[in-house]
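The UniProt record's numbering numbers the first residue of the sequence shown as 1 and each following residue consecutively.
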Amino acid sequence: MSLTGTPFLYTLVALCLVAVVLPLVLWSRMRGPRVVRAAGRVLMLLFAQTTAVALVFTLVNNANQLYDNWGDLLGTSDHVHEAADLGASGTGGIALEKLPKVRQVFKPGRGPGMREEGGVLVTQLRGRVSGVQAEVNVWLPPQYRDPAYRDHKFPVVEVLPGYPGSSKAWFGTMDAPQQLAPLMRSGQIEPFIIVSPRTTLLPGVDTGCANIPGKVNADSWLSIDVPKMVMDNFRAQAAPDGWAVAGYSAGAHCAAKLAVAHPDRYRAAVSMSGYNDPVAVPNSLAAKTPALRAANNPYLLLKEAAVPPRVALYFSGQPRDGYEAAMAIDRAAKPPTTVDVVFIPRSAGGHTMALWKPQVVPAFRWLTEVMGTRHRMGTEPGTTPPVPSTVGSRPAELASGTASRAAAARRP
1 MSLTGTPFLY TLVALCLVAV VLPLVLWSRM RGPRVVRAAG RVLMLLFAQT TAVALVFTLV
61 NNANQLYDNW GDLLGTSDHV HEAADLGASG TGGIALEKLP KVRQVFKPGR GPGMREEGGV
121 LVTQLRGRVS GVQAEVNVWL PPQYRDPAYR DHKFPVVEVL PGYPGSSKAW FGTMDAPQQL
181 APLMRSGQIE PFIIVSPRTT LLPGVDTGCA NIPGKVNADS WLSIDVPKMV MDNFRAQAAP
241 DGWAVAGYSA GAHCAAKLAV AHPDRYRAAV SMSGYNDPVA VPNSLAAKTP ALRAANNPYL
301 LLKEAAVPPR VALYFSGQPR DGYEAAMAID RAAKPPTTVD VVFIPRSAGG HTMALWKPQV
361 VPAFRWLTEV MGTRHRMGTE PGTTPPVPST VGSRPAELAS GTASRAAAAR RP
């Protein structure tokens, strides 16, 4: 029975009802020695407590899409087949342009939000470089199936969940397609392809989106294998100009790190409530040694870069939850790196999906500004044709109405 399926939820509801009825019916009717009656009553109470806790956990899990299946919950899922030492480039010396095309079979996605606005396509990808085998979800914008766009390539945003987190979360709890599709149709937001790969690759640990020989090559999975597959199977623009990465919580850390570390693979990154030092997550593999921490800290990567990367970075955070980390990167950035920092007050809510969901549209408006058609007008043949836009002059504006302190200081 699926952990996130309706049958399991209804079974728990039924068991909870039984757990309430049992004491009402049997409490005073228990027969036998006092010890036996006491044991029976204790078991009824334990049964009631267990079913109640299981139901609450299931409701919270379904609402936040933390665990996809029993393997993720119990820590038995392993999606790593090999983890060779791929070197500093993450390619293992492989000439990526000489790799044969990746041809995948896609099926309609199942679950909350997976059938909205044209539906999400799902495939099982075995990464030729990373050695990871896991699902990748792809949502195509409304224009993709429009005959008028049949010869055009679309920009891509790779979206990452937190830890623990499901690869379906951006389509379900975050409601990205439902929020963005109408704005894409009206030309207010660029028609982006949205790609969400699995990021929970090893049982019970956060990979930190790092390459760790002998353990996992999560960086190469996300920044090499997944983009190549998407570009081989869809009318997607080439990296880096056509690619961005976005995430919340642990996914926000990954987004910033991937963009800063690989400006040849991504042009922009969106980080919501992220952090710089991987040690912020106690069971992060990227926090196991000082060398790994430094190699996967976007602040240190940016500060120590011999040549500042040509990437645009968008950060949103609250005090002690992403804002300070974002401002550190803002201070370290030098042209051509650009940084927009959005301050979110405590009153907007805490470190939850309810805080990040309203930020989807502002983040994609910003992505439209920094890498959309009007930004690139006439620079690349075969890209998405111009569409009218009402994005406006405040790309850092949030649904909460709180704009970036840093951006406000720079705004004329």
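Ideal placement from N, C-alpha and C gives every residue a C-beta, glycine not left out.
Could you check the C-alpha separation between residue i and residue j for me, to the nearest Å?
{"i": "residue 480", "j": "residue 208", "result": "The chain is shown only over 1 to 412; residue 480 falls outside these bounds and no answer can be derived."}
{"i": "residue 394", "j": "residue 85", "result": "Any reading at residue 394 needs caution, since the residue's pLDDT is 39, under 50, leaving its predicted position unreliable; the model's value is listed next. The alpha-carbon atoms of residue 394 and residue 85 are separated by roughly 44 Å."}
{"i": "residue 217", "j": "residue 88", "result": "12 Å"}
{"i": "residue 120", "j": "residue 276", "result": "31 Å"}
{"i": "residue 63", "j": "residue 168", "result": "12 Å"}
{"i": "residue 299", "j": "residue 170", "result": "26 Å"}
{"i": "residue 131", "j": "residue 81", "result": "5 Å"}
{"i": "residue 24", "j": "residue 17", "result": "11 Å"}
{"i": "residue 117", "j": "residue 137", "result": "14 Å"}
{"i": "residue 59", "j": "residue 163", "result": "18 Å"}
{"i": "residue 386", "j": "residue 195", "result": "Residue placement at residue 386 cannot be trusted, given a pLDDT of 40 that sits under 50; what the coordinates show is reported in the next sentence. Their Cα atoms are separated by approximately 23 Å."}
{"i": "residue 268", "j": "residue 369", "result": "11 Å"}
{"i": "residue 193", "j": "residue 49", "result": "45 Å"}
{"i": "residue 134", "j": "residue 126", "result": "7 Å"}
{"i": "residue 325", "j": "residue 245", "result": "18 Å"}
{"i": "residue 188", "j": "residue 321", "result": "30 Å"}
{"i": "residue 56", "j": "residue 248", "result": "24 Å"}
Using the three-state DSSP reduction, which class does residue i fall into: helix, strand or coil?
{"i": "residue 170", "result": "coil"}
{"i": "residue 247", "result": "strand"}
{"i": "residue 58", "result": "helix"}
{"i": "residue 122", "result": "strand"}
{"i": "residue 206", "result": "strand"}
{"i": "residue 308", "result": "coil"}
{"i": "residue 94", "result": "coil"}
{"i": "residue 234", "result": "coil"}
{"i": "residue 49", "result": "helix"}
With a threshold of 7 Å, establish whether the CB of residue i neighbours any heavy atom of the ligand SAM.
{"i": "residue 267", "result": "You won't find the ligand SAM in this model; it holds no ligand whatsoever."}
Find the nearest neighbour of residue i within the set the options, judged by alpha-carbon distance.
{"i": "residue 303", "options": "335, 280 and 283", "result": "335"}
{"i": "residue 94", "options": "166, 156, 224 and 31", "result": "224"}
{"i": "residue 174", "options": "361, 322 and 28", "result": "361"}
{"i": "residue 115", "options": "139, 204 and 83", "result": "139"}
{"i": "residue 128", "options": "221, 301, 357 and 49", "result": "221"}
{"i": "residue 260", "options": "67, 234, 313 and 151", "result": "313"}
{"i": "residue 330", "options": "315, 70 and 321", "result": "315"}
{"i": "residue 501", "options": "124, 356 and 274", "result": "Absent from the structure is residue 501, since the part of the chain shown begins at 1 and ends at 412."}
{"i": "residue 179", "options": "371, 358 and 372", "result": "358"}
{"i": "residue 308", "options": "151, 264 and 166", "result": "264"}
{"i": "residue 65", "options": "52, 12, 3 and 100", "result": "3"}
{"i": "residue 151", "options": "247, 237, 305 and 249", "result": "237"}
{"i": "residue 97", "options": "231, 250 and 40", "result": "231"}
Compare the C-beta of residue i against all C-beta atoms of chain D and say whether one is closer than 8 Å.
{"i": "residue 163", "result": "In the structure shown, chain D cannot be found, because there is only a single protein chain."}
When the Cβ atoms of the stretch 363 to 371 are set against those of the stretch 283 to 299, are three or more pairs found closer than 8 Å? no
Does the stretch 66 to 81 come into contact with the stretch 190 to 203, if we say contact requires no fewer than three beta-carbon pairs (one atom in each stretch) closer than 8 Å? yes
Quick check for students: name the residue ranges of the alpha helix (DSSP H) that lie wholly in the stretch 66 to 92, counting only runs of 4 or more. 70 to 74
Sequence ranges, beta strand (DSSP E) only - wholly within the stretch 245 to 290, length at least 3: 268 to 272
How do the stretch 337 to 356 and the stretch 281 to 291 stand: do at least 3 beta-carbon pairs fall below 8 Å, yes or no? no
Please specify which runs of the beta strand (DSSP E), each continuous and at least 3 residues long, are wholly inside the stretch 129 to 205, giving them in chain order. 133 to 139, 156 to 160 and 193 to 197
Does the stretch 143 to 150 come close enough to the stretch 39 to 46 that 3 or more CB-CB pairs lie under 8 Å? no
Would you check if there are 3 or more beta carbon pairs closer than 8 Å linking the stretch 323 to 342 to the stretch 151 to 160? no
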